[in-house]
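There are 2 protein chains.
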Amino acid sequence: MTGARADLAVIGGGQLARMMQQAAIGLGVRIRLLAEGPDVSAAQVIPDHRVGDHTSLDDLRAIAADVPVVTFDHEHVPPEHLRTLEAEGHACRPGPHALLFAQDKGAMRTRLSELGVPCPRHGRVSSLADLEAFGFPAVVKTTRGGYDGKGVWFLESAADAEEALATGRDLLAEELVDFRRELAALVARRPSGDMVVWPVVESRQADGICKEVLAPAPDLAPRLADEAAEIARTIATSLDVTGVLAVELFETTDGRLLVNELAMRPHNTGHWTIDGALTSQFENHLRAVLDLPLGPADALTRWSVMVNILGGSVDDLESQLAVVLDAVPDIRVHLYGKAVKAGRKVGHVTAVGDDLTDTLTRARWAADLLEKGTKDD
Amino acid sequence: MTGARADLAVIGGGQLARMMQQAAIGLGVRIRLLAEGPDVSAAQVIPDHRVGDHTSLDDLRAIAADVPVVTFDHEHVPPEHLRTLEAEGHACRPGPHALLFAQDKGAMRTRLSELGVPCPRHGRVSSLADLEAFGFPAVVKTTRGGYDGKGVWFLESAADAEEALATGRDLLAEELVDFRRELAALVARRPSGDMVVWPVVESRQADGICKEVLAPAPDLAPRLADEAAEIARTIATSLDVTGVLAVELFETTDGRLLVNELAMRPHNTGHWTIDGALTSQFENHLRAVLDLPLGPADALTRWSVMVNILGGSVDDLESQLAVVLDAVPDIRVHLYGKAVKAGRKVGHVTAVGDDLTDTLTRARWAADLLEKGTKDD
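If you read the sequences in order, they're chains A and B. Each residue of the first sequence is one higher than the last, beginning at 1 in the numbering used here. Each residue of the second sequence is one higher than the last, beginning at 1001 in the numbering used here.
What follows is the structure in structure tokens.
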């Protein structure tokens, strides 16, 4: 750590903090980072970092000391610690009162329903009897701690319920939504309430992990695009979110929108904005939490396609980079400095262009080369 | 400094190295930096840095140890040290054989003339008699060490010559070119010889310092645009430049191009490429020196205008940022983390758009607000 002032403390040293630093360099914003280890993704690129534990109040206090604003790479900081930091004069953005609804799916469903935001039918369950009363098929989730498909079970009948119930954790049951596709609406909001909303995107998952994002969502009815943006604005305002809020949505087969999940930080469905929008989600997240005016969220080109690079058979991403840039010249590559492990998000690629098929083809080709070393046919 | 591997050693911690780091983050490239001080512009954003002196072979060796490739934020490293690093197995890009022509204006003029590249009439001078033989008016420059208007004299007659001759340094006399405007052609070149050339830009100076860059150069005859690009390619190839080469040119009032200066590193006339081109000069500099395939240099929009922020009456750039982003939402701001001193380059802004007048107006307005706190009328 250096002795220089910092403008912003960031808790968590993953790729989101790493990409915040790219934006921070341009804005002249100095980040102080709490990192999980000495060489995690963001610690590689933020000089002013300290290794510590985001569940330790002492470590959080040490990072936040003399820093006016605190923000996050993830949603796992205990809310009671954030309330302590607030009481000690730091602005936590988003604050614990908002972050609760990204941390606890049960609280989120209750609050969104109160707000009249459309959600799947849902109910808290703690026994087989509760589940049978809810009905099958059902999706059962732990209310806290799940991500990327973990802590989620798809139950056809009571016979499938054992594993979920055996966790002994608070569970939420939701109807199995008959959806056409998944969408996401991203909004950045300042403490003053000012907001910008990026174009609504389509998100395609594989095994519960976001794999591809198409911006804007192709052939989305203008009515639904407006509704998705309005849902994002309503949630951001009603929950008093500061920074980026991502609202994951289902587009149902009968043409309705239902909220799936919330995230209160830059989100995988917004990575395309680095290369495809006038202002990236990372820059507007920084601007929002530092209470600076937000930048325009318009797309720069007709189409942007982002494809995640998941850990595969390519071990040495840096060497494979030469192959990819040679095969697919018109591509933007983002590597996270992470060791390759099966299925781990280790980078992403973005292609921009006027033709969707061509743009999607280029992005998939580049991602395939970085995952498997060959083009997937 | 951390103990992790580095891919690239960068000598010099100014804003060019700082902006290289933004590109390095995306590529997963790890930079090790030799910085002039513990908190210079690039040291603020590159964890793996060491403070040292670029004229000290020991400091250069310490930074380059175990790093395969060395590149530069400036042209001031002594060539004999670079030859030593090369002999010890490091690839210096650009190499000392090329860098010579960016360090020594006399050698540059001689070599370019041999290549048939159009230059102003010139001659080495060391006495009043030499100057009188060359003729007046004349521009006299020290062959080494001048920049941003320093080490340059405009002589109307022999009566003006005293200061230049009193330096006791090697001097070059050049004709006073009757030019319409200044242009710049930027090329990135790999060791293999592969090159990309960005659109030719117009560069506008104030007091010998680059103030505004318009990309592409408005109303430039296609014949001259092609010629400028060809001059850049010829010089890069003939001098075996690796990385970015900037060729500053005069467009004469009678429609010819003459080479003014060379720089072998990312250059102020290429800052617009961060926001206005498919691949920035910083990314292609890294890709070129690491011998990775180069990215396309096409412009993203019709016009890009970059305006430098020179140290003025605004001391606290970070606070003024809120004013600027509010007044001029559609602008990209780049601050260098440098203390404000009169006339010092402390940042730049870039506007992009379809209308040149509007784009220029926005960029100037933002830069004025960051320099003077008010709009210049």
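Glycine included, each C-beta is placed from N, C-alpha and C at the ideal position.
Which bits of chain B does residue i rub up against, with CB to CB less than 7 Å?
i, result
"residue 334 of chain A", "1026"
"residue 329 of chain A", "1293, 1295, 1296"
CA-CA distance, residue i and residue j?
i, j, result
"residue 336 of chain A", "residue 19 of chain A", "9 Å"
"residue 1341 of chain B", "residue 1311 of chain B", "5 Å"
"residue 1114 of chain B", "residue 1229 of chain B", "19 Å"
"residue 1246 of chain B", "residue 1180 of chain B", "20 Å"
"residue 1005 of chain B", "residue 107 of chain A", "45 Å"
"residue 214 of chain A", "residue 305 of chain A", "5 Å"
"residue 362 of chain A", "residue 267 of chain A", "22 Å"
"residue 1295 of chain B", "residue 1279 of chain B", "6 Å"
"residue 1369 of chain B", "residue 58 of chain A", "41 Å"
"residue 162 of chain A", "residue 348 of chain A", "37 Å"
"residue 1194 of chain B", "residue 1054 of chain B", "29 Å"
"residue 129 of chain A", "residue 165 of chain A", "11 Å"
"residue 1225 of chain B", "residue 1200 of chain B", "6 Å"
"residue 10 of chain A", "residue 35 of chain A", "9 Å"
"residue 317 of chain A", "residue 1223 of chain B", "42 Å"
"residue 259 of chain A", "residue 123 of chain A", "15 Å"
"residue 141 of chain A", "residue 167 of chain A", "11 Å"
"residue 133 of chain A", "residue 158 of chain A", "11 Å"
"residue 138 of chain A", "residue 184 of chain A", "22 Å"
"residue 104 of chain A", "residue 274 of chain A", "29 Å"
"residue 143 of chain A", "residue 178 of chain A", "22 Å"
"residue 151 of chain A", "residue 91 of chain A", "31 Å"
"residue 208 of chain A", "residue 261 of chain A", "13 Å"
"residue 33 of chain A", "residue 1155 of chain B", "55 Å"
"residue 1088 of chain B", "residue 1102 of chain B", "23 Å"
Using the beta-carbon of each residue, which ones in chain B are nearer than 9 Å to residue i?
i, result
"residue 156 of chain A", "What residue 156 of chain A touches in chain B: nothing, since even the nearest Cβ is about 43 Å away."
"residue 266 of chain A", "Those within 9 Å of residue 266 of chain A in chain B number zero; the least Cβ separation is about 14 Å."
"residue 123 of chain A", "Within chain B, no residue comes near residue 123 of chain A; the closest Cβ sits about 44 Å away, beyond 9 Å."
"residue 326 of chain A", "1292, 1293"
"residue 60 of chain A", "By Cβ distance, chain B contributes nothing, its closest Cβ being about 21 Å from residue 60 of chain A, past 9 Å."
Along chain B, in chain order, which residues have C-beta atoms closer than 8 Å to that of residue i?
i, result
"residue 22 of chain A", "1022, 1025, 1026"
"residue 93 of chain A", "Residues of chain B passing the Cβ test: none, with the nearest at roughly 16 Å."
"residue 30 of chain A", "1044, 1337"
"residue 212 of chain A", "Those do not exist, as residue 212 of chain A stays about 19 Å from chain B at its closest Cβ, beyond 8 Å."
"residue 57 of chain A", "Going along chain B, no residue has its Cβ under 8 Å from residue 57 of chain A, so there is no contact; the nearest lies around 26 Å."
"residue 378 of chain A", "With chain A covering only 1 through 377, there is no way to say anything about residue 378 of chain A."
With DSSP as the reference, identify every bridge partner of residue i, one or two as the case may be.
i, result
"residue 180 of chain A", "DSSP output for residue 180 of chain A lists no bridge partner at all."
"residue 1119 of chain B", "DSSP, once it has assigned bridges, lists no residue as partnering residue 1119 of chain B."
"residue 1347 of chain B", "B:1309, B:1335"
"residue 289 of chain A", "For residue 289 of chain A, which the question treats as bridged, DSSP gives no partner whatsoever."
"residue 1049 of chain B", "B:1033"
"residue 98 of chain A", "Per DSSP, none; premise fails for residue 98 of chain A."
"residue 1141 of chain B", "B:1152, B:1172"
"residue 1261 of chain B", "B:1248"
"residue 202 of chain A", "A:183, A:214"
"residue 1209 of chain B", "B:1206"
Run through chain A and tell me which residues come within less than 7 Å of residue i, C-beta to C-beta.
i, result
"residue 1322 of chain B", "292, 293"
"residue 1208 of chain B", "None at all; the shortest Cβ gap to chain A is about 26 Å."
"residue 1018 of chain B", "25"
"residue 1300 of chain B", "300"
Can you name the residues of chain A whose CB is closer than 9 Å to the CB of residue i?
i, result
"residue 1235 of chain B", "What residue 1235 of chain B touches in chain A: nothing, since even the nearest Cβ is about 24 Å away."
Which whole-angstrom value is the C-beta distance of residue i and residue j, which I expect to be below 8 Å?
i, j, result
"residue 82 of chain A", "residue 68 of chain A", "Between residue 68 of chain A and residue 82 of chain A the Cβ distance is about 15 Å, and since that is not below 8 Å, they are no contact."
"residue 118 of chain A", "residue 256 of chain A", "7 Å"
"residue 1265 of chain B", "residue 1244 of chain B", "6 Å"
"residue 350 of chain A", "residue 272 of chain A", "5 Å"
"residue 1153 of chain B", "residue 1297 of chain B", "Contact flag wrong, Cβ pair sits at about 36 Å."
"residue 1041 of chain B", "residue 1338 of chain B", "5 Å"
"residue 1354 of chain B", "residue 1303 of chain B", "7 Å"
"residue 379 of chain A", "residue 1012 of chain B", "Lying outside 1 to 377, the shown extent of chain A, residue 379 of chain A is not represented and no answer is given."
"residue 284 of chain A", "residue 210 of chain A", "Rounded, the Cβ-Cβ distance is 20 Å, inconsistent with contact."
"residue 1372 of chain B", "residue 1314 of chain B", "7 Å"
"residue 324 of chain A", "residue 366 of chain A", "5 Å"
Could you tell me which chain D residues have their CB closer than 9 Å to the CB of residue i, listed as they occur along the chain?
i, result
"residue 1047 of chain B", "You won't find chain D in this structure, because its protein chains are A and B."
For residue i, which residues in chain A fall below 8 Å Cβ to Cβ?
i, result
"residue 1317 of chain B", "28"
* Asked: Okay, do the region 69-79 of chain A and the region 9-16 of chain A touch, 3+ Cβ pairs below 8 Å being the bar?
  -> yes
* **Validate contact between the region 247-263 of chain A and the region 289-296 of chain A using beta carbons, cut 8 Å, 3 pairs** => no
* Asked: Using 8 Å as the Cβ pair cut-off and three pairs as the minimum, do the region 187-199 of chain A and the region 161-175 of chain A touch?
  -> no
* Asked: So does the region 220-237 of chain A actually touch the region 44-52 of chain A, counting three or more Cβ pairs closer than 8 Å?
  -> no
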